[in-house]
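Student:
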Amino acid sequence: MADISLESYRADYPDIAGDYTVPQRWAAYTDEEHAVWDLLGQRQARLLPGRACEAFLSGLESLGLQAGGIPDFERLSEVLTARTGWRIVAVPGLVPDDVFFEHLANRRFPAGRFIRRRDQLDYLQEPDVFHDVFGHVPMLAHPVFADYLQAYGEGGLRAQGLGMLPQLARLYWYTVEFGLLTTTQGLRIYGAGIVSSASESVFALEDASPHRVAFALERVMRTRYRIDDFQQVYFVIENFEQLLRQTAERDFGPVYQRLARLDDLAPDALAAEDQVLHHGTQAYARARRAGLTGTA
Ligand code: HBI
Ligand code: FE
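Be aware that the sequence shown starts at 92, since it is given in my numbering, and climbs by one per residue.
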């Protein structure tokens, strides 16, 4: 794991604060950086109708995030605060878990300040401003999801010291980043990692390879994940109230006690109690292991 200490960031970000925030310095973005945003935004705007959920699409539209360059966090925060009380703060990249939880618990979403280069449009492990703002911020305009993300941050703060942070990170991963939602029109995406990726926006919904399994809190918290490729399983929620109920005010102590006695599940495993919506072929993952397909 890369060094994410304050000291190591200070070399490139001399004005980093104790909570890892930095000034966005919006005026310093180049025309090329704004053009990369617009290119990514326009590409996703074509793909997402009929794939992303209504809450995401209406947030994207009403916050004006599809084009017009990299947003100014100050102005964006004004609009968002009026809706749900959330603000966007700039950070250099990944921040430590406790810092991340503290921001979320206080309705501040930490967003990377930098943007990927034109030759990295499809693949990036570090969260940049396109992933963080285009991917995450539209959902923060949805009141129930906004409460869920705060509840996740509070749950993280409560869970510190229980030694179960990997399990909590899985909940974030399989909901906030890679979550799917049932609707009367079929499955829709709400996860930021999917909506900010052209290839995964199609794969997550339409490919036969990954499993699609009904969301269950402890099942999700047992499931390892991969950060370097498409997911092998997606978890499907019924609605955002379900997510909020499972997380808000929850005492994670008993959950963790039960989890401590259970083995972790591999990303492609199915469990006996799963409500399987689509039993994946895992053909994509198998081909990747055999080296048959290119890098996504
Ligand atoms: N930092 N900037 C940033 N963005 C994240 O999504 C993030 C992070 N630090 C920790 C983290 N996510 C997760 O691993 C936590 O949910 C545990
Ligand atoms: Fe993210």
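Each residue gets a CB set at the ideal place from its N, CA and C atoms; glycine is no exception.
1) Does any residue of chain C bring its CB to less than 9 Å from the CB of Phe221?
2) Of the choices Arg303, Leu97 and Gln133, whose alpha-carbon is the least far from that of His370?
3) Give a single yes or no on whether Pro183 has its beta carbon closer than 8 Å to a heavy atom of the ligand FE.
4) Rounded C-beta distance between Gln322 and Pro358? I'm assuming under 8 Å.
5) Could you tell me the distance, in whole angstroms, from the CA atom of Val170 to the CA atom of Leu154?
6) Considering Tyr347, what are the terminal residues of the alpha helix (DSSP H) in which it resides?
7) For Leu334, count the other beta carbons within 10 Å of its own beta carbon; 16 or more makes it buried, fewer makes it exposed. Which is it?
8) Which residue from Tyr111, Ser287, Arg379 and Arg209 puts its Cα closest to that of Gly132?
9) In or out: Thr386 buried (at least 16 other Cβ within 10 Å) or exposed?
10) Quick one: what does DSSP say Leu156 is sitting in, helix, strand or coil?
11) Following the continuous beta strand (DSSP E) through Arg178, name the residue where it begins and the one where it ends.
12) Examine the Cβ distances between the stretch 169-184 and the stretch 249-260 and report whether three or more of them are shorter than 8 Å.
13) In the DSSP output, what is Pro218 paired with across the bridge?
14) Is Gly203 near the ligand HBI, judged by its Cβ being under 8 Å from some heavy atom?
15) Can you check whether the CB of Ile318 is closer than 9 Å to the CB of Pro187?
16) Using 8 Å as the threshold, is the stretch 191-198 in touch with the stretch 233-244, meaning 3 or more CB pairs across them?
17) Which residue comes first and which comes last in the beta strand (DSSP E) that contains Pro201?
18) Quick one: Cα of His125 to Cα of Val327, how far?
19) Please report the straight-line C-alpha distance between Gly203 and Glu268, rounded to a whole angstrom.
20) Return the residue from the list Arg379, Arg336, Leu256 and Leu215 that minimises the CA-CA distance to Pro301.
21) Look up Arg208 in the DSSP assignment and say whether it is helix, strand or coil.
22) My output table needs one value for Glu317: the three-state DSSP class, helix, strand or coil.
23) Below 8 Å, how does it come out for the stretch 209-229 and the stretch 148-164: are there three or more Cβ pairs, yes or no?
Tutor: Based on what the coordinates show:
1) This model lacks chain C altogether, as it is built from one protein chain only.
2) Here residue 370 is taken as the residue at index 279 of the sequence shown, counted from 1. Selected option, being the one with the closest Cα: Arg303.
3) Residue 183 sits at position 92 when you count from the first residue of the sequence shown. Checking every heavy atom of the ligand FE against the Cβ of Pro183, none is found closer than 8 Å.
4) Position 231 of the sequence shown holds residue 322. Position 267 of the sequence shown holds residue 358. Yes, they are in contact, since the Cβ atoms of Gln322 and Pro358 sit about 7 Å apart, within 8 Å.
5) Within the sequence shown, numbered from 1, the residue matching residue 170 stands at position 79. Within the sequence shown, numbered from 1, the residue matching residue 154 stands at position 63. Approximately 7 Å between the Cα atoms of the pair.
6) Counted from its first residue, the sequence shown places residue 347 at position 256. Taken as a continuous stretch (DSSP letters only), the alpha helix (DSSP H) holding Tyr347 covers Phe343 to Ala351.
7) For the purposes of this step, residue 334 is taken as the residue at position 243 of the sequence shown. When all chains shown are included, Leu334 counts as buried.
8) Here the question's residue 132 lines up with position 41 in the sequence shown. With distances taken between Cα atoms, Gly132 lies closest to Ser287.
9) The sequence position of residue 386 within the sequence shown is 295, counting from 1. Because the pLDDT at Thr386 is just 48, under 50, the model does not fix this residue reliably, and the point stays unresolved.
10) The residue given as residue 156 occupies position 65 in the sequence shown. In the structure shown, Leu156 sits in coil (DSSP, three-state: anything other than H, G, I, E or B).
11) On the sequence shown, residue 178 is found 87 positions in, with the first residue counted as 1. Its beta strand (DSSP E) spans residues Arg178 to Val182.
12) no
13) One-based indexing of the sequence shown puts residue 218 at position 127. Answer is none; Pro218 lacks a bridge partner.
14) Residue 203 sits at position 112 when you count from the first residue of the sequence shown. Under cutoff, so the answer is yes.
15) Indexing the sequence shown from 1 puts residue 187 at position 96. Indexing the sequence shown from 1 puts residue 318 at position 227. The answer is no: Cβ separation not under 9 Å.
16) yes
17) Looking up residue 201 in the sequence shown gives position 110. Looking at the DSSP string, the run of the beta strand (DSSP E) that includes Pro201 is Arg199 to Gly203.
18) Here residue 125 corresponds to residue number 34 of the sequence shown, with the count starting at 1. Here residue 327 corresponds to residue number 236 of the sequence shown, with the count starting at 1. Between His125 and Val327, the C-alpha separation is close to 34 Å.
19) Locating residue 203 in the sequence shown gives position 112, counting from the first residue. Locating residue 268 in the sequence shown gives position 177, counting from the first residue. Distance between the alpha carbons of Gly203 and Glu268: 15 Å.
20) Numbered from its first residue, the sequence shown carries residue 301 at position 210. Taking only the C-alpha atoms, the option nearest Pro301 is Arg379.
21) Counting from one through the sequence shown, the residue named residue 208 turns up at place 117. The answer is coil: DSSP assigns Arg208 none of H, G, I, E or B.
22) In the sequence shown, counting from the first residue as 1, residue 317 sits at position 226. Inspection of the sequence shows that residue 317 is occupied by Arg rather than by Glu. In this structure, Arg317 counts as coil in the three-state DSSP scheme.
23) yes
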